Amino acid sequence: MQPLKRNLLSTALASATLMMVSTAYAQTADQNQAQAEDLDTLEVVGIRRSIQESIDAKQASTSIVEAISSEDIGKLPDTSIADSLARLPGLTAQRFGGRPQEVNIRGFAGDFSTTTLNGREQVSLGNNRGVEFDQYPSELVSQVLVYKTSDAQLIGQGLSGTVDLKTIRPLAYGKRAFAANLRGDQNKVGDEKETGYRYSLSYIDQFADNTVGIALGYAHLNNPGQAKQFGDTWGYDGGGIYGGGKLYDLQNDNQRDGFMGVLEFAPNDTYRTVIDVFYSKFDREEQKRGMEFAAAFGGTPAAGNTPSHAVFTGGINPVVRNDFNATYDDLFAIGWKHELTLSPHWTASADISYSGATRKERILETYSGIASGRPRDTLTVDFNSNGYFDHDFGYDYGDASILRLGDAGGWGQDGYIKDFEVKDSLTSLRFDFERTFDEGWFSSVEFGANLTDRTKSRASNESFLDLTACLGGVSPSCPDGISAPIPTDLATSSAFNAYGVSSIYGYDALRAYNTLYTRRRNDNKDITNKNWEVNEQVTTAFFQANINTDLGPVPVKGNIGIQAVSVDQSSKGNETFEGNPLGRSVADGVNYTDFMPSLNLSFGLPWDQFVRFGAGKQVARPRMDDMRVNNNVSVDRNRAINPITGAVNPIDPITGNRIPWWTRDGGNSRLRPWEANSYDVSYEKYFGGNKAYVSAAYFYKDLKTYIYNESTLFNINDTVVDPADYPANPPPNPVGVYTRPVNGNGGTVKGFELAASVPLDVLWEPLMGFGIQANYSDTKSSVQPLGPSSPNEPLPGLSKYVSNITAYYERFGFSTRVSQRHRSQFVGEVQGFGGDRTRRTFEGETVTDLQLGYSIQSGPLKDLSFLLQVNNLENEPFRSSFGGNDAQPREYFEYGRTYLFGVNYRY
């Protein structure tokens, strides 16, 4: 019932807002009626413009698409592109650090879709292909199209969909314009506040008799943030008693600079050229302070403990953590396109582009604990109905005198540091030709080719940290030889105020690392296998016939086409094995060709009705980390079952252990893509002069293959492992078990989507300015993402139920919008131990946003507008639990509300 309560609350908020605005409207309606008639004839900007242009783009498309258009120059409807995308039918977004970042289309994770910028495929900054949309400032994007069906001329399209980000075209815009936006923001979690700001500048102009156009945009973001984290808990014992957990306070500093430039030249009707440049630099630094501890799995329990209330009378030994995490991202894209009219019926174009990205990431951990000589702590925990546990420790962990730096957890290190670097580059060359026809079924045919060369690499450098003062044993700075007092000059805030804990001592972890610690390189096979490179050379030839004809009284538009995709993929890395954690260099790859037909039909029915049908083969290229050639060979000395015969593995009478077997695990550089035969049908009804529409859509994807880990047999003699490097008492049989990603059986993903966008004046004229947008989707999957023999688990990114509703008012310069998006439980990915991605089941969430605005309509300050926004109005947490049991929370992130107040000016 919790989502229902939130929906009712948000509906009440929307109703109250609309009532207030309607009251104000009623009071001024008489004296402003004549003025209103004039105002409504002027250029529409703001919410209504964004909605109208989005509807026009959806209606005009021959494919099944969703669209977002800017409210004005440099202003998408939301503060981020991901926020806007998450409001479209069938789309959701996963939050990272409180910000929507990864977009899921029709129940698929971000790796199943692709993102293009002005039609050109873009690289990504993570380990895989999914684009992080907060890298793209919303102020620099004029429109976003989401293609849900395949299209032969759409290069690099995804299996779930393709997101095309578009920047403005200055000659098409047709006039000079300038816009400036400034917003201050404040993030509030409990009583703690962080303030920041963002601003942007946009300029569009035309020169030389409108033959030269220029568009420039710059956006800066300074956005401190914060969060409280409960978890990742250690689980629960057999009686459901809290096993232990982690409590953290996170303070973030986010700095982003984005630039967009377009130079367009059209000297005559036969030639046009456009150069696009996009650059984004995003630096994020996080101070992470807290503790982790064992409770039922280490403490001394009192009698009578229950799952909701437990007392531990001793044995509690927390590791107090002060960590520093940072990512420094650079993203660059440039494209140069030439269009030439060869004759009245022939056109040609050539497009060369480059997209490159670099991410440098650091994860720094420093530890402290209860000083030697002090007894271990006590703890009482009580379950909080909000979905976490409150904690009452015996010690005050804000008191530095009870703490010492050192190996508090007995992990063999006083701290740890991980440095990662991801590089991704993509160069593309495309040629297009089009032949138009004056009559017949086909209005034109298009054909061409696209050549892409992409290389992605990941590097990892990790080290243990040792206290320099303790390397020589006992010293004045290391009195007991193993731990050291925390220098007072490193102190930062110790306030915590969450989960029952009032304070945890804080110090500057980065300064501590630079002054107190010595690195001890960690040469481990797991770290070696994080270093890899993948290269793809993809050649795509396409042909598409565009349909424009009539079937009796029914106009039919659409397209039919095919892509032939030739792929040459390879990977470089290392094969590690017992006794040699650095391994030997290896390389492998594969060549193959795919053919992908597509069909899109749009039938125009009377009274502005459309029925659309789409069919085609869709693919998504494998995850990059799955494509790595890296493998690790080791010996399993405890295998209970013989992998060849399936019989019980006997015990060796000499060693007393089971007979050993070779094992091997890693990536697969010969993976083929995920493949699906997809079918879509939709019905759309437009009314009110095409200002409103309702639609219903059904989709069905028959996945012919899905990638999951599978165990098969291998022969140790077929690897690069030298017999001289075999461990003592190697397995007697050269055959062993090899676990890696493979192309296995698929399944189906299907669902339906309902959507409506209605300005209420089309129903009743006195409601001019009011409107509602709403959509709902229901998606089902039979895919078993962990393999057919594994326990059933939902498809990553899939929420069965997704809904969005927006109520708005915009007239006489006033604007109001209340939006709410909901998604049910889903499997997502987070950063796990070692810096790799790990799957986690997250609970459903409902996020509500509010926006109020006013634009001056006349006088010297005309087009100066003011904006107030509240994001995450109801402070919705991001949470997960064990087995869907709310009484056993696993993680609970509280990001708080974000308030923004801004001023915009355009002319």
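Heads up: the sequence shown runs through residues 125 to 1031, numbered per our numbering. We put the CB at the ideal spot given by N, CA and C, even for glycine. Nothing here was measured: the structure is a model prediction, and the numbers come from that model.
Here serine 607 really is in contact with leucine 529; their C-beta atoms are around 6 angstroms apart, less than 8 angstroms. By the CB criterion at 7 angstroms, asparagine 574 and threonine 652 fall outside the cutoff. Sequence-distant partners of lysine 654 (beyond 5 residues in either direction) whose C-beta falls short of 6 angstroms from its own C-beta, in its chain, are Ser584.
Looking at the backbone, the Cα of aspartate 275 and that of glycine 685 are separated by about 7 angstroms.
Selection Gln267, Pro261, Leu640 and Pro858 evaluated against arginine 173 yields Gln267 as nearest (Cα-Cα).
Comparing alpha carbon positions, the residue from Phe620, Ser467 and Leu922 closest to arginine 964 is Leu922. Per DSSP, the beta bridge partners of threonine 673 are Val680.
DSSP places glycine 369 in the strand class (E or B) of the three-state scheme. In chain order, Thr335 place their CB closer than 7 angstroms to the CB of proline 391, counting only its own chain and leaving out the 5 sequence neighbours on each side.
Just measuring C-alpha positions, the residue of Gly937, His515, Gln949 and Glu195 sitting nearest serine 927 is Gln949.
Residue pairing by DSSP places histidine 946 opposite Ser927 and Thr970 in a beta bridge. By the neighbour-count criterion, in which a residue is buried when 16 or more other Cβ atoms sit within 10 angstroms of its Cβ, histidine 946 is buried.
Between aspartate 447 and glutamate 489, the C-beta spacing is below 7 angstroms. Within the DSSP secondary-structure output, valine 735 pairs in a beta bridge with Phe727 and Tyr807. Only exposed fits alanine 848, as fewer than 16 other CB atoms lie within 10 angstroms of its CB.
The C-beta distance from phenylalanine 1002 to tyrosine 1019 rounds to 7 angstroms, short enough to meet the 8 angstroms contact threshold.
Counting other Cβ atoms within 10 Å of its Cβ, phenylalanine 719 stays below 16 and is therefore classed as exposed.
Listed in chain order, the beta strand (DSSP E) elements of length 3 or more contained wholly in the segment 492–540 are 501–508, 512–517 and 527–530. Excluding its 5 nearest sequence neighbours in each direction, tryptophan 888 has no C-beta neighbour in its own chain below 8 angstroms. DSSP places glycine 234 in the helix class (H, G or I) of the three-state scheme. Annotation for alanine 418: no alpha helix (DSSP H) segment contains it, though the beta strand (DSSP E) segment containing it runs 395–418. Looking at the DSSP output, lysine 317 shares a beta bridge with Lys312. Around the beta carbon of tyrosine 342, 16 or more other beta carbons sit within 10 angstroms, so the residue counts as buried. Taking a 10 Å sphere around the C-beta of histidine 515, we find 16 or more other C-beta atoms and assign the residue as buried. The Cβ atoms of aspartate 453 and phenylalanine 406 sit closer than 7 angstroms to each other. With a cut-off of 8 angstroms on Cβ pairs, the segment 672–689 is not in contact with the segment 174–182, counting fewer than three such pairs. With a threshold of 16 other beta carbon atoms within 10 Å, phenylalanine 331 falls short and is exposed. By alpha-carbon distance to asparagine 621, the top candidate from Leu614, Ala615 and Tyr629 is Tyr629.
When only Cα atoms are considered, phenylalanine 507 and asparagine 449 end up about 30 angstroms apart. For aspartate 577, same chain residues with a beta-carbon under 6 angstroms away, outside a window of 5 residues either side, are Thr551 and Gln661 in chain order. For lysine 815, the secondary structure class from DSSP, reduced to helix, strand or coil, is coil.
Taking one beta carbon from each stretch, the segment 824–838 and the segment 854–866 have 3 or more pairs nearer than 8 angstroms; the two touch. Contact between the segment 693–704 and the segment 754–763 is present, with at least three C-beta pairs closer than 8 angstroms. For glycine 320, the closest alpha carbon among the candidates Ile328, Arg782, Ala744 and Arg307 is that of Arg307.
Distance from the CA of aspartate 235 to the CA of aspartate 604, rounded to the nearest whole angstrom, comes to 51 angstroms. Only buried fits threonine 972, as 16 or more other CB atoms lie within 10 angstroms of its CB.
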